[in-house]
Structure formats: structure tokens, C-alpha cells
Amino acid sequence: EIVLTQSPGTLSLSPGERATLSCRASQSVTSSYLAWFQQKPGQAPRLLIYGVSSRATGIPDRFSGSGSGTDFTLTISRLEPEDFAVYFCQHYGSSLYTFGQGTTLEIK
Amino acid sequence: QVHLVQSGAEVRKPGASVTVSCKASGYTFSAYYIHWVRQAPGQGLEWMGRINPKSGGTYYSEKFQGRVTMTRDTSITTAYMELSTLRSDDTAFYFCARLIVSIQSFDFWGQGTLLTVSS
């Protein structure tokens, strides 16, 4: 089972800044089944990115995903006030679905 | 529009069982697997398993094997997740989510059901 480790645990930035969130897999991800979710307090997760780099329906283009092998990145180019939330990466492989522990993006 | 609406909060004592429902609407229920994911308060997401609404076939995370049962009623487009032999560390929000097979990820989620296990 692949373990996903996200860093940093907490990221403190200001609106307008660029955010870079990392998701590292314990083994090389051979498929493209790597996704990112955003979760706000009291809400269900929301799909942002799937297939490493494809934006889900309705997701603004300031969100982008990249990476390969064991290292994946979610980038938010210019932070808007509504982007401050918790972000999770997710992988599928060998009939199992795993999530990273999350990165909290907070207002500085 | 797609909606997954879950049943309300539950409180159980250790050792008891609970069933959470997930009512689907706005799409063909049998065409998409329903998965269950839980989240302890302030913690990360943990995948529990899935059901194929068309066949009723299930696949569970090894962690929950023997304690979880997922079923569905196609006549009312509802999926169910029963968790038995509850412990205090089962206290969590439980989410149902629709899987898109081509991307192996979840595009719509229920609102979550809080289960509290306490004596």
C-alpha cells in the first residue's frame, strides 16, 4: 500500500501569494491516479485536480497540479480569500484508495 | 444535479452497531460505485470500502473487514454502511462519495454523518 506524505503540515501565506503544496508517495506511482481535494470546515472534500494535472469541473485555473514518480505538487498561483482551507492528496492503486494527512493553508 | 444526502448524526455505546444511509439523486444510481470514507474530528481521510450499486458487489479496506457491511437498495437509490462492534475511536464523520472510474477519484460527496461512540 502506498503511503502519501504531505508537506508542510501548515502553510501560512497572504492573499495574492503563491502556494506550493507537496505530496510524496512511498513508492513510485505508476498510474496517473493522483488527485487533490480541498476541504473547508464543516464541509465535504471537493475535487480540485485528478489525473495529476487535470482540473475538475468548475475549478479556477489558478489551481494546477504537477509531478510524477513519487513527488506531486498542487500550486495555487495567486491565493484568494476562499482558498484558505485544508488540502488532501489521494491515490488509487491495487484496489486501494489512500489519502495524505493534509496540509492546512492558513491566512498569515 | 447530482446529490448525495446522508442520514443524520448518531450516538452509540461501545459494542453497538450503526447504519448510515446515503440517498443518491440526479444521476443513474447503478452506473457509479459508492465509496465510504471517514474522518475523525480534526484528522485526515480514511477509505473504508465501496459498493457496486448495480451488482451489490463490495470491496472493503482490510482494516474494516469483518466489521463493515455495505449494501444498497436500488428501488430507492440509497446506499448503506453498517459498522459493528463500535469503539470510541470510531467516532468520526462518515462520508459517502461517488467514484468516477476513469479517474479513480470522487466527484460528489455526501454532507457527512457524525457518529459519536461514547459510554
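Same order as they appear, the protein sequences are chains A and B. Start counting the first sequence at 16; every next residue gets the next number (this note's numbering). Start counting the second sequence at -15; every next residue gets the next number (this note's numbering). The beta carbon of each residue, even a glycine, is placed where N, CA and C say it ideally should be. Owing to the predicted nature of the structure, the values given are computational and were not obtained by experimental measurement.
Check: Per-residue burial, P37 (chain B) [other beta carbons within 10 Å of its own, 16 or more giving buried]; Outcome: buried
Check: Endpoints, beta strand (DSSP E) assigned at S41 (chain A); Outcome: A34 to V44
Check: Pick from B:S102, B:Y17 and B:F92 that is closest to Q(-15) (chain B), judged by C-alpha positions; Outcome: B:F92
Check: 9 angstroms Cβ cutoff, T72 (chain A) in contact with chain B; Outcome: yes
Check: Contact residues within the region 67 to 94 of chain B, judged by C-beta distance below 7 angstroms to chain E; Outcome: Absent from the structure: chain E. Protein chains present are A and B.
Check: Sheet register partners of A15 (chain B) (DSSP bridge); Outcome: BP columns for A15 (chain B) are empty, so no partner.
Check: Assigned secondary structure, S59 (chain B) (DSSP; H/G/I helix, E/B strand, else coil); Outcome: helix
Check: C-beta atoms of T88 (chain A) and S41 (chain A) nearer than 9 angstroms; Outcome: no
Check: Endpoints, the beta strand (DSSP E) within which F99 (chain A) is located; Outcome: Neither: F99 (chain A) is in no beta strand (DSSP E) and is coded neither H nor E.
Check: Contact check, P(-2) (chain B) vs R71 (chain B), beta carbons under 9 angstroms; Outcome: yes
Check: Buried or exposed (CB count within 10 angstroms, at least 16 for buried), S59 (chain B); Outcome: exposed
Check: Beta strand (DSSP E) segment containing R34 (chain B), residue limits; Outcome: E30 to I35
Check: Cβ-based neighbour list, V18 (chain A), same chain, cut-off 6 angstroms, excluding 5 preceding and 5 following; Outcome: S41
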